[in-house]
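A short worksheet on the structure shown next.
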Ligand code: ZN
């Protein structure tokens with residue numbers, strides 16, 4: 024899939040203090056030690072392209088971008104992959120409702136997403152692949168699970184063939200990432216795409232592996248399993264394996280993906296006989312007008328609309344930085360005003376140039392400490408107020424502006 028052009032990246036001289044990141048699976052902050060020395064592999068779950076990028080998406084990809092920049096700053100190469108869920112119920116329903124081809128709808132929304140990411144100066148993943156592009160590989164994984172005896176059929180009254188589910192009881196991997204009880208799982212499973220009460224399922228949380236062809240829906244041929252389309256979790260397992268190899272270092276995404284998506288992705292990999300990710304990093308949810316931003320509530324704040332209204336995308340990054348990536352928070356106009364004022368003061372300070380090794384050290388340490396962006400902003404506020412008096416005045420934008428660019432993706436020129 025057409026990705027976006029990464030902003031220029033000029034890393035600082037590397038230092039070998041590792042990035043420490045909170046791992047959802049263990050519940051602890053621990054150093055990221057790549058499985059392959061010197062080369063970290065990061066997978067972040069992408070969008071379902073049926074609506075524009077809102078602040079919740081921006082927060083997720085901003086957090087993953089900071090992880091990548093922090094790893095690069097420790098002298099580690101980073102290989103990153105991201106998917107696009109372009110074969111999915113909400114996208115197909117929306118295309119049907121609006122009378123457009125699902126491929127056209129997906130392409131137009133991916134285009135918007137890509138331009139939002141470029142505006143926010145998010146580094147582009149090396150692999151940016153849609154489900155429809157990866158379909159041959161996904162079908163191979165689905166068939167391999169069938170051949171390993173992990174798939175079972177469930178009759179579908181509205182289709183010619185059965186739907187196929189993954190039997191979780193065979194490998195016992197349910198809950199490995201979330202650590203949740205079955206009661207906690209049941210609370211969110213249905214609203215996040217699951218079907219706990221479907222007749223014929225062996226286990227309530229068994230995920231849909233292959234959905235039989237329905238009239239008017241796109242379908243592909245999966246041999247013994249018939250024509251249809253894949254379930255959500257197996258897609259990411261396949262794209263991650265093809266792009267990065269299994270196991271890989273960090274699985275990232277929003278906290279609403281902890282269960283079922285990341286739990287069940289990991290369970291698919293176990294059913295294939297392979298471990299999935301070594302650590303799991305999740306970013307918080309963004310609220311607006313008192314509720315979590317969501318399509319159904321109609322309280323979305325879109326990145327492209329803010330940019331169209333003349334908001335500097337760098338100020339949007341500063342709003343995101345004002346909140347720890349793991350916390351849930353609420354977008355407000357006051358937040359944006361504060362960020363715009365910050366951006367102006369940082370730009371003024373950057374024009375003074377000079378060397379401020381204390382500030383640069385504070386920025387790098389803050390980022391490596393589980394992406395402590397609030398501490399980084401504190402250091403920048405002091406620098407902008409002139410507290411870190413420069414020792415050797417020099418020409419040019421200075422070392423702090425270079426560090427803010429490399430570590431936080433913010434251009435101060
Ligand atoms: Zn995913």
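Numbering (my numbering), first residue to last: 24 to 436. From the three backbone atoms N, C-alpha and C, an ideal C-beta is built for every residue, glycine too.
For the ligand ZN, I want to know if residue i counts as a neighbour, meaning its beta carbon is within less than 7 Å of at least one of the ligand's heavy atoms.
i, result
"residue 288", "yes"
"residue 33", "no"
"residue 259", "yes"
"residue 322", "no"
"residue 284", "yes"
So for residue i, helix, strand or coil by DSSP?
i, result
"residue 101", "strand"
"residue 237", "coil"
"residue 135", "helix"
"residue 176", "strand"
"residue 347", "coil"
"residue 384", "helix"
"residue 341", "helix"
"residue 488", "Only positions 24 to 436 of the chain appear in this structure, which leaves residue 488 out of reach."
"residue 273", "strand"
"residue 392", "strand"
"residue 65", "strand"
"residue 244", "strand"
Note the first and the last residue of the continuous beta strand (DSSP E) segment covering residue i.
i, result
"residue 57", "From DSSP, residue 57 is part of no beta strand (DSSP E); its letter is neither H nor E."
"residue 251", "250-253"
"residue 152", "150-153"
"residue 161", "Taken as a continuous stretch (DSSP letters only), residue 161 belongs to no beta strand (DSSP E), being part of the alpha helix (DSSP H) at 158-170."
"residue 46", "43-46"
Between which two residues does the alpha helix (DSSP H) carrying residue i extend?
i, result
"residue 404", "396-407"
"residue 375", "356-375"
Taking only runs that begin and end inside the stretch 181-234, name each unbroken beta strand (DSSP E) of 3 or more residues, in chain order. Qualifying beta strand (DSSP E) stretches, in chain order: 186-189.
Considering only residues of the stretch 293-336, which uninterrupted beta strand (DSSP E) runs meet the minimum length of 3 residues and lie entirely inside it, listed in chain order? Taking only runs of at least 3 residues, the beta strand (DSSP E) segments lying wholly in the stretch 293-336 are 300-306 and 309-311.
Could you tell me which whole beta strand (DSSP E) segments of length 3 or greater appear in the stretch 68-125? Listed in chain order, the complete beta strand (DSSP E) runs (minimum 3 residues) inside the stretch 68-125 are 100-107.
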